[in-house]
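Protein chains in written order, with the working numbering: chain A, 42 to 156; chain B, 4 to 115. We put the beta carbon where it would ideally sit given N, CA and C, even for glycine. Single-structure report; data block below.
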Amino acid sequence: EAEVAQSPRYKITEKSQAVAFWCDPISGHATLYWYRQILGQGPELLVQFQDESVVDDSQLPKDRFSAERLKGVDSTLKIQPAELGDSAMYLCASRPVSGRANEQFFGPGTRLTVL
Amino acid sequence: AQSVSQHNHHVILSEAASLELGCNYSYGGTVNLFWYVQYPGQHLQLLLKYFSGDPLVKGIKGFEAEFIKSKFSFNLRKPSVQWSDTAEYFCAVRGYGQNFVFGPGTRLSVLP
Numbered sequence: 042e043a044e045v046a047q048s049p050r051y052k053i054t055e056k057s058q059a060v061a062f063w064c065d066p067i068s069g070h071a072t073l074y075w076y077r078q079i080l081g082q083g084p085e086l087l088v089q090f091q092d093e094s095v096v097d098d099s100q101l102p103k104d105r106f107s108a109e110r111l112k113g114v115d116s117t118l119k120i121q122p123a124e125l126g127d128s129a130m131y132l133c134a135s136r137p138v139s140g141r142a143n144e145q146f147f148g149p150g151t152r153l154t155v156l
Numbered sequence: 004a005q006s007v008s009q010h011n012h013h014v015i016l017s018e019a020a021s022l023e024l025g026c027n028y029s030y031g032g033t034v035n036l037f038w039y040v041q042y043p044g045q046h047l048q049l050l051l052k053y054f055s056g057d058p059l060v061k062g063i064k065g066f067e068a069e070f071i072k073s074k075f076s077f078n079l080r081k082p083s084v085q086w087s088d089t090a091e092y093f094c095a096v097r098g099y100g101q102n103f104v105f106g107p108g109t110r111l112s113v114l115p
């Protein structure tokens, strides 16, 4: 079964540095989500894409976070500059348009540690 | 706005014990409800989902959940847990036209 790919799996960075995470959704999935999951909590939506367009970025801290999905396929989430409180798991999920359209399929996540 | 609460932060059971994890949501309209599981070191996986129809839904690995609309609840159950069920369990809701909202999770530890 196809899976959502994310890289890197782990990232350690120092405060004020820039970091970037990559996600490749399941082929054909038009909707892509980025979530942040702080240890001991559930995932919180950061941004939702429909194809290459941002549908919802109301919870994205836009002063330091940015996300793009230029060709409507893979996506990049960037943090610049990173802060200590950004340490978390960053999850990518995708959802098909039809069929199992109400299900999200999650990638393995990128665990970010900011020192 | 949608919200999800899960009753227990950490549940510890012995193998063969019965499991019930509570989930309550707040949303006034039609909802889709989900339970996801995250095994240690693995990514989130869908256990089961409710869209409409029979309020008792069955998922993978012997899990089931019951949607009680009057109580805004979607509790997860399993009659007899195994050590391999040790994981974190997340309830999620998606109101019509809304995004997914996850609960804080319940960590289940099953003792052999």
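Report task. Jot down the residue ranges of each uninterrupted beta strand (DSSP E) in the stretch 69-95 of chain A, minimum 3 residues, whole runs only, in chain order. Result -> At a cut-off of 3 residues, the continuous stretches assigned as beta strand (DSSP E) that sit fully inside the stretch 69-95 of chain A are 72-78, 85-91.
Query - Rounded straight-line distance, which links the Cα of residue 109/A to that of residue 92/A - result: If I take the Cα positions, the gap works out to 10 Å.
Query raised in the report: Any idea if residue 143/A is buried or exposed, counting beta-carbon neighbours within 10 angstroms, 16 or more meaning buried?
Result: It counts as exposed.
Query raised in the report: Name the chain A residues whose beta carbon is nearer than 9 Å to that of residue 102/B?
Result: Neighbours of residue 102/B on chain A, chain order: 74, 86, 89, 96, 97.
Query - Pairwise C-alpha distance: residue 97/B and residue 88/A - result: So the alpha carbons of these two residues sit roughly 16 Å apart.
**Report entry** Where residue 147/A meets chain B, residues with beta-carbon distance less than 7 Å
**Finding:** Simply 46, 47.
Query raised in the report: Is residue 116/A near residue 70/A, with beta carbons less than 7 Å apart?
Result: No, these two residues do not count as a Cβ contact at 7 Å.
Query raised in the report: By DSSP, does residue 98/B sit in helix, in strand, or in coil?
Result: Residue 98/B falls in the strand class under three-state DSSP.
Query - Separation of residue 77/B from residue 71/B, as counted between CA atoms - result: Distance between the alpha carbons of residue 71/B and residue 77/B: 6 Å.
Query raised in the report: Taking C-alpha atoms, which residue in 127/A, 121/A, 48/A lies nearest to residue 156/A?
Result: Residue 156/A has its Cα closest to that of 127/A, out of 127/A, 121/A, 48/A.
Query - Assumed close pair residue 40/B, residue 50/B - CB separation to whole angstroms, cut-off 8 Å - result: Residue 40/B to residue 50/B, Cβ: 5 Å. Contact.
Query raised in the report: I think residue 105/B touches residue 83/A, with their Cβ atoms under 8 Å apart; what is that distance to the nearest whole Å?
Result: With 8 Å as the limit, residue 105/B and residue 83/A qualify as a contact, their Cβ atoms being about 3 Å apart.
Query raised in the report: At a CB-CB cut-off below 9 Å, which residues of chain B make contact with residue 150/A?
Result: In chain order: 46, 47.
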